[in-house]
Amino acid sequence: MHPFHCEPTRRQALLTGLGFALGAPAVWAQSAGALSPAQMERQAAELPLTGAHLKLPELGLFGGGQFRPAQAQGQITVVYWWASTCPFCAQQSPEIQKLWQTWQGKGLQMLALSVDRSPDEAIAYLAKKGYTFPSAWVSAEVHQRFPKPRGLPVTLVIGRDGKVLQAERGQMFAEDVAQIAQWIK
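Residue numbers (this note's numbering): -10 to 174.
Structure follows, in structure tokens:
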């Protein structure tokens, strides 16, 4: 008898159980309002075109605050999609933090959107790294209203008039993030 042989009934039961086990995370995530990274990427939007008007959503922020689109009126707004598991985000996020520390209250608004599997993962990562930029979690409902563009990280710079000034997919280097200040000055 082959060492991996098992009876057809037992094999079917094992395969059925395996199917349930593999499908469970997706079911649990959907029931908790989350999309898996793969689901989010399949539903991803293209980068908005420069000059396109972008309507920002109202969102609850980690720490209990609220992001309201009215806060962004007349200011430069950086929208930054990131994940705690993204190595490119890990390189860019310290630069985003520096930008925020330098320009908050001086004409810059920020909305950092975590695509982590859970808000707890994102909150723990922000605390560990000491990041204070305003962040929210992209739930399935948020993704429906404000879909994440393809790739990570994604950085958008929105002008005072609500139009896209800059749209970047992938890691921005320190000097690239620092250049965002040109829109604020």
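Ideal Cβ positions, reconstructed from N, Cα and C, are used throughout, including at glycine.
Inter-stretch contact (C-beta, 8 Å, three-pair minimum) for the segment 151 to 168 and the segment 101 to 108
no
Specify the secondary structure class of Thr91 as computed by DSSP and reduced to three states.
helix
Less than 7 Å between the beta carbons of Phe77 and Gln155, yes or no?
no
On the three-state DSSP scale, how would you describe Glu157?
strand
Could you have a look at Leu102 and say whether DSSP puts it in helix, strand or coil?
strand
If we ignore side chains and look at the alpha-carbon of each, how far apart do Ala34 and Asp105 end up?
18 Å
Under 7 Å, do Val153 and Ala61 count as touching if we go by C-beta distance?
no
Note the first and the last residue of the continuous alpha helix (DSSP H) segment covering Tyr114.
108 to 118
Residue nearest to Ile85 in terms of C-alpha spacing, selected from Gln55, Arg57, Gly63, Pro123:
Pro123
Just reading off the beta strand (DSSP E) that Val131 is part of, what are its end residues?
Counting along the chain, Val131 falls outside any beta strand (DSSP E), though it belongs to the alpha helix (DSSP H) covering 129 to 134.
Thinking C-alpha only, which one of Val68, Ala72, Leu48 is nearest Ser25?
Ala72
Looking at the structure shown, is Gln64 part of a helix, part of a strand, or coil, going by DSSP?
coil
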